[in-house]
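Reading through the structure tokens given below for one structure.
Residue numbers (the working numbering), protein chains in the order written: chain X, 1480 to 1833; chain C, 1480 to 1833; chain B, 1480 to 1833; chain L, 1480 to 1833.
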């Protein structure tokens, strides 16, 4: 099968670099276009990108000429993955969709928009029904993945919601620096320090969970009625968002049942063999001091959610700790998994150059 | 007034050093004895102590000869403050109390013991009634302060409990490295990492809050009926425990009321002018990204609890962030404030050398 | 004596904040004007300054109205201290000098300019001769202090140069984050990392040492003939530049002599009792693992240079480690000490409002 | 070819874990025995080892039963690689050698011993002549690799020494935490701090360079006459030793020549195709702020030495920055490369069980 040609919008940022890293050598997709800001356009990827994931950007893309993020410059691509900042995404993503592109977005711009599926493949692949008619008509659409700190949470809540029902969730996040991008915090801010605010993050978590766990009724998503409260913190780790969660289930469950349900979770993609899908979406650790960001963030290539310390909560009944790689599972890898899901479901098409 | 002569048990550890730092030049107390392990005994304080609070241990104590933590070696002291590890404290503190010493303890050994007051002066000075008869009879006793992460929490909950009632609390802590003492975590553990466990800590918080906020009935403390759930994390900061808290009040309160109640809290020590007491036990910050450990831990000499981000919690009703200096307010400063309270209440006496 | 009224140019940056911190309560100077960029002008200091040295900017200045850094807005000041970035300083400092102000500058703009003394009071107070005639004529002038990493080095070299002669110096610096200012490195750059470059820094060190240790001949400075080679590194500490130095002396010296010469160094300010002068410009530590930034940077209020590990160098003869607080001794404190020196030498005058 | 069966002495420590990581799936060697302290013996590798290189120890060894480091327990191995601490190594390694084992050691115990080759394959493979007769007689011997901070330095100096001669070297190291092992520094020591001492390290570097770059004359190594001076610092990075070096060459060289000589260095192993050998022992970077530990330590699987900032030194003529992965190139990978060299040179033999 010839690979789909993918364009990356926002290819020089941190999530963009993660996308490049994972798309080089991808079995289903090949990088056709790299888009960035006006300032970068025209220079090679190596020149315009300050590569931070190791010594050098992959040889396969280093000489690639960077483009502006405009529809007419991505004519040679079948679809695009967007790692644009929200502001730019707000204008750019609809333009691509209107031009007929499937836009697999990591930005927050349209996550809450009606008609735009907010998808974590293991959890709510069925929400893709929202774009199936557009797809059938070879029209463009936007599919998004959730916020980096929502992803790990929702993967963990999904099997619990299905089996026991979930009523209330209080989550405290300890989020890594890479979550704020290349131009985020200054170094002095996080030396010997923690910042107890990530602007907009708590609201995103509190809102996105309900949409993702919502039930599709026709082409409408009915939000799940789960009360979610988030406390977000930026800590001085590089990668890996850790989350401590208290959960009230709708019906009582023994801890052993919870462990069993989480550990055996396969999700809605089990049968599809998506290249980026972890063999198990959730890995359970039994040590009392795990998961830890540096040790566990790369489990299953950064695509697993690692859960530990499953224990009773004196207030809500159940508590646990989870970790997921914010830049992989929570961003680039999540978007890529969505793209793979679209491909597997026949929702990507080969564009023919106008 | 001649100062009371104080002996420090466990003077070379991290809390011991903080005690030394704060007792040098203290208006009511003078250091008479410095106790440490067998290994240190006989050497000067400078020789036996690896001072970590700056360039050098204070000149006033550097040549002081360190003693073993035995009753007969502290004959020249009026009372002792104990910064011993729990294991050693379990045997040593009762020995001192039985020999007639007032033992102001920072250890966890007897916090939950009946008859031992667990005191935060602003919150429950009245619990000292438990030892008043012992004191009157010039007999020894133990008074303790809570766990370093309990202190900030309970100072914040106290005015809320008094005004609105508190039913449920979920707290996530981001605790500093100094909380694990001089021999705690190895350096590689916390580089680019977080450890989601502090052994025993969650249970201490969940239990101590109820005792401290409990009501004294005669010489018995009736625990407050508050369900508390703690998630504890060790992060790579040096000092200052940050805590994100969700609270269910017994009766509804507007956020403005909460701010007012917290900000105007004076506590039970307001009139006593204790030397270590902060002018306000709680400082409110209105910025959306505060308190932060490095910026706010030294507020009021490390004795204030700094509270910020007071906002609605979708699950429990109210949430906020608090910070207190674990080694000062949560340990050495807290113990010292207890000692000052005892002095002000006439519960310390001058021992006469046998 | 009525204090001189000082204006701070660049008052909201990191060095500016350190100046404010040290000028509040200063016995000889009082803050009259706080200058910052166009953007800040007109707002209060608290509003325009992101204070990073603790909870809050000092109450004494928080309501102060910030001005633009223009001569006509500092009419009520007797002199100015400049913490401006080099670019702005290049235009602003001469304007103030031409208007008759003594400009005590921390910027690098005019350090190498002929006629501008580059002064570390303990080392080369006599270089002030360069501006004495200007001062006598009540005309303005610029006096500068060296680069933050030059200061500690030159304080250490000065007594060695005087007693033994210094021929060659190789210095490796491990510089703190605060040296790059509020808008310096991004947080991800220094997590689990070191950056082996500080732009322009090596050249500054290699050049400034010769000027400062140079001999004044009339109103000209003849540079000292010392070959200096610097290797500069940015590490993840907050404050305190550590420097490991190999030195070739002009005539052989026993290590004990070196220790004696360094430890007894008083410098050219010994008799002047300048308020910011450390009681000893150099503190010697005998432990094999000192100085360390966090433990030793605040020695003598951050104004001492702490030297340790004095030992033979197999290549150049002598090696040692030194530490100085980059933002205090190496910047704000150094500039302030220069201002105090000017005052003590009668080189400041009270300006009368036109 | 059937793989040689290797035993790892000290398999649970940090270097031992790196050896395990690199030996799993190795084309020439298979792990036959894992040795550790008395305390660990009898338990599985997973139980006895606190694995710190990711989520879990490799499945291939996790159930392996750990042995004591005694000759009679390694009867099923053809040779051993020792990652023992110096103290234990001093007794254990000779016992294995006397029993006929080839002992490939990473410890410092016998590096300076006459008759023991101190080998970096690219640099001085010919030094193996020292053990060739022992090997021919099927007797045991010890071969060592240098200190973790010596390796990168000597790989860089070797081509310069061969082409231009090297007379003097001053090196400042910024060494990572993993260099101090699992039981090294406490976390509080390196928060916002640097430690300017690594016990014994400077002497090792200053001595080992001369032996490695020495000339073999018959079965004797004549040390190279190079004056080396080292300044060692521990910084808060996890892996990767950075070294800033000033070098005096014996005959002048243009910078371009230096770049060419370093960049084209193939070393003495070029023809052997050792599995762990990097394709280029030295990688040159042209950016002014590289190499950096986090970005460059894993170049060529952690086996390359990355060199940058080649520039003139005002004192010794030439200066540069180099980086090598201390735990890989400087320890486990270096030892393994030595073992591969021994195999390729026919110096390993298959032991037959007594």
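Every residue, glycine too, gets a C-beta built ideally from N, C-alpha and C.
So, do the segment 1509 to 1518 of chain C and the segment 1738 to 1757 of chain C have three or more beta carbon pairs nearer to each other than 8 Å?
no
Check whether the segment 1716 to 1732 of chain C and the segment 1706 to 1718 of chain X are in contact - that is, three or more C-beta pairs closer than 8 Å.
yes
Quick check on residue 1633 of chain B: does DSSP put it in helix, strand or coil?
helix
Less than 8 Å between the C-beta atoms of residue 1700 of chain B and residue 1646 of chain B, yes or no?
no
Apply the 10 Å Cβ neighbour rule to residue 1696 of chain B and answer buried if 16 or more other Cβ atoms are within range, or exposed otherwise.
exposed
Just checking my contact of residue 1716 of chain C with residue 1656 of chain C at CB under 8 Å: how many whole Å lie between their CB atoms?
7 Å
Write down the C-beta distance between residue 1622 of chain L and residue 1805 of chain L rounded to the nearest angstrom, noting that I regard them as a contact closer than 8 Å.
Not confirmed; about 20 Å, so no contact.
Across which residues does DSSP place residue 1649 of chain X in a beta bridge pair?
Answer by DSSP bridge pairing, in chain order: X:1708 and X:1725.
Residues of the segment 1528 to 1549 of chain X with a CB closer than 9 Å to any CB of chain L: list them in chain order, please.
1530, 1531, 1532, 1533, 1534 and 1535
For the alpha helix (DSSP H) containing residue 1538 of chain L, list its first residue and its last residue.
According to the DSSP assignment, residue 1538 of chain L belongs to the alpha helix (DSSP H) that extends over 1538 to 1541.
Within the same chain, show all residues whose beta-carbon is closer than 8 Å to that of residue 1619 of chain X, passing over the 5 residues directly before and after it, in chain order.
Answer for residue 1619 of chain X: 1575, 1576, 1577, 1578, 1579, 1580, 1581, 1582 and 1613, listed in chain order.
The segment 1819 to 1830 of chain B in contact with the segment 1727 to 1746 of chain B per 3-pair CB rule at 8 Å
Short answer: they don't touch.
State the DSSP-derived secondary structure class of residue 1796 of chain L, mapped to helix, strand or coil.
strand
Any C-beta of chain X sitting closer than 8 Å to the C-beta of residue 1778 of chain L?
yes
Quick check on the DSSP output: what are the complete alpha helix (DSSP H) runs of length 4 or more inside the segment 1530 to 1616 of chain B, in order along the chain?
Listed in chain order, they are 1538 to 1541, 1565 to 1577, 1600 to 1603 and 1608 to 1615.
Can at least three beta-carbon pairs, one atom from the segment 1557 to 1564 of chain B and one from the segment 1807 to 1816 of chain B, be found at a separation below 8 Å?
Enough Cβ pairs lie closer than 8 Å, so yes.
In whole angstroms, what is the alpha-carbon distance linking residue 1601 of chain C and residue 1628 of chain C?
Going by the C-alpha atoms only, they are around 16 Å apart.
List, in order along the chain, the chain C residues whose C-beta lies closer than 7 Å to that of residue 1671 of chain L?
Under the 7 Å cutoff, chain C gives 1717.
Residues near residue 1830 of chain B in its chain [Cβ-Cβ closer than 6 Å; skip 5 each side]:
1557
On the DSSP bridge assignment, give the partners of residue 1621 of chain L in chain order.
In the DSSP assignment, the residues bridged to residue 1621 of chain L are L:1582.
Please return the same chain residues whose Cβ sits closer than 8 Å to the Cβ of residue 1498 of chain B, not counting the five positions on each side in sequence.
1487, 1490, 1560, 1562, 1811, 1814 and 1815
Own chain residues within Cβ distance below 8 Å of residue 1680 of chain B, not counting five before or after
Correct list, in chain order: 1626, 1628, 1652, 1654, 1709 and 1711.
Identify, in the order they occur along the chain, each residue of the same chain with its Cβ nearer than 7 Å to the Cβ of residue 1702 of chain X, setting aside the five sequence neighbours on each side.
Within its own chain, the residues whose Cβ lies closer than 7 Å to the Cβ of residue 1702 of chain X, once the five positions on either side in sequence are excluded, are 1689, 1690 and 1693, listed in chain order.
From which residue to which residue does the alpha helix (DSSP H) around residue 1485 of chain C run?
Unbroken run through residue 1485 of chain C is the beta strand (DSSP E), 1483 to 1488; no alpha helix (DSSP H).
Near residue 1794 of chain C, what residues of its chain come up, given a Cβ to Cβ distance below 6 Å and the 5 sequence neighbours on each side ignored?
none
How many whole angstroms separate the CB atoms of residue 1492 of chain L and residue 1661 of chain L, which I take to be in contact at a CB cut-off of 8 Å?
6 Å
Do residue 1534 of chain C and residue 1775 of chain B have their C-beta atoms closer together than 8 Å?
One thing to note: residue 1534 of chain C has its Cβ within 8 Å of the Cβ of residue 1775 of chain B.
Please name the residues in the segment 1673 to 1696 of chain X whose beta-carbon is closer than 7 Å to at least one beta-carbon of chain C, in chain order.
Under the 7 Å Cβ criterion, the segment 1673 to 1696 of chain X contributes 1673, 1674, 1675, 1676 and 1685.
Proximal residues to residue 1605 of chain B (C-beta, below 6 Å), its chain only, five neighbours per side dropped:
1695
Give the straight-line distance between the Cα atoms of residue 1494 of chain L and residue 1501 of chain L, rounded to the nearest whole angstrom.
11 Å
Can you name the residues of chain X whose CB is closer than 8 Å to the CB of residue 1772 of chain C?
1671, 1672 and 1673
So residue 1514 of chain L is in the beta strand (DSSP E); what residue range does that whole segment cover?
1508 to 1515
Cα separation between residue 1483 of chain C and residue 1617 of chain C?
15 Å
Which same chain residues end up closer than 6 Å to residue 1658 of chain L when comparing Cβ atoms and leaving out the 5 residues on each side of it in sequence?
1627 and 1805
So what's residue 1828 of chain C in DSSP terms, helix, strand or just coil?
coil
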